[in-house]
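What follows is one structure encoded as structure tokens, with my remarks underneath.
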Amino acid sequence: MECEICGKPVPENNPIRAKIEGSVMVVCKECSKLGKVQKAPPKPKFVKQNKKNNNKRPATTRNKPYSRNDEPSEELIEDFSFEVRKAREAKNWSREDLGKKINERVSVITRIETGKMTPDTKLTKKLERTLDITLLEKVDNIDLNQFINNSSGERTLGNIMKIKRK
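In the working numbering, the protein residues as written are 950 to 1115.
So, in structure tokens, the structure goes:
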């Protein structure tokens, strides 16, 4: 087992799980300092019974294999809040006017324009149609193989991103 950040070996019998920037990862002792160490995950609960042979089986969520189609093909532009405000003002609309046109509250428009809220895809498309602007941009797939530089030849987050030290 390897650290998901730097790629160093992690003992299989006692892996360290740390929450770093909102994601729980298996990491080495050195990388665990970048976040908060988590307790071991709970064991699966046996709740459902198979009626045919009364065997207990673990309750599972529907696991589907990962597919490249699951990756988003469009991404919200970085300065979306400025673009929404600029387009609204160009049409001489108040926030109330825009809210009525897209059937949203004024507080939602305000939070989007101040950057305190990121609109979901549905709301983003409503804003694009109503304001005649482009807020979603196509995302190109990155060849992650160019980032491999550890001894095992596997991809880790540390190969791709710059780690911000505390």
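Every residue, glycine too, gets a C-beta built ideally from N, C-alpha and C.
* Residues near LYS1087 by beta carbon distance below 7 Å, same chain, minus five either side -> Taking the first residue of the sequence shown as position 1, residue 1087 is located at position 138. Excluding positions up to five away in sequence, the list reads SER1022, GLU1023.
* Asked: Where does THR1073 land, buried or exposed, given buried means 16+ other C-beta within 10 angstroms?
  -> By one-based count along the sequence shown, residue 1073 stands at place 124. When all chains shown are included, THR1073 counts as buried.
* For SER1056, which of helix, strand or coil comes out of DSSP? -> Locating residue 1056 in the sequence shown gives position 107, where the first residue counts as 1. Of the three classes helix, strand and coil, the one that applies to SER1056 here is helix, per DSSP.
* What residue range is occupied by the uninterrupted beta strand (DSSP E) comprising LYS1071? -> By 1-based counting over the sequence shown, the position of residue 1071 is 122. Careful: LYS1071 lies outside any beta strand (DSSP E), inside the alpha helix (DSSP H) at 1070-1080.
* **CB contact flag (MET1066, VAL1057, <8 Å)** => Numbered from 1 along the sequence shown, position 117 holds the residue referred to as residue 1066. Numbered from 1 along the sequence shown, position 108 holds the residue referred to as residue 1057. The answer is yes: Cβ separation under 8 Å.
* Find the nearest neighbour of LYS1075 within the set SER981, TRP1042, THR1059, ASN1052, judged by alpha-carbon distance. => Taking the sequence shown and counting its residues from 1, one reaches residue 1075 at position 126. Ranking the options by Cα distance to LYS1075, first place goes to ASN1052.
* To do: Let me know the secondary structure DSSP gives SER1022 once reduced to three states.
  => Here residue 1022 is taken as the residue at index 73 of the sequence shown, counted from 1. Here SER1022 sits in coil by DSSP.
* To do: Below 6 Å CB to CB, which residues in the same chain sit around GLU961 once its five sequence neighbours on both sides are set aside?
  => The count along the sequence shown starts at 1 and reaches residue 961 at position 12. Closer than 6 Å at Cβ, skipping near neighbours: MET950.
* If you draw a straight line from the C-alpha of LEU1080 to the C-alpha of ALA1036, how long is it? -> Counted from its first residue, the sequence shown places residue 1080 at position 131. Counted from its first residue, the sequence shown places residue 1036 at position 87. In a straight line, the C-alpha of LEU1080 is about 6 Å away from that of ALA1036.
* Within 8 Å, strictly: CB atoms of GLY984 and LYS968 -> Indexing the sequence shown from 1 puts residue 984 at position 35. Indexing the sequence shown from 1 puts residue 968 at position 19. Against a cut-off of 8 Å, the Cβ pair of LYS968 and GLY984 comes out as a contact.
* DSSP three-state call for GLU961: helix, strand or coil? -> Position 12 of the sequence shown holds residue 961. GLU961 falls in the coil class under three-state DSSP.
* For GLU1150, which residues from the same chain have a beta carbon less than 6 Å from its beta carbon, with the 5 sequence-adjacent residues on both sides left out? -> Nothing in the structure corresponds to residue 1150, since the chain is present only between 950 and 1115.
* Can you have a look at SER1043 and say buried or exposed, based on whether 16 or more other CB atoms are within 10 angstroms of its CB? => As a first step, residue 1043 is located in the sequence shown; it is residue number 94 there, counting from the start. Exposed, by the Cβ-count rule.
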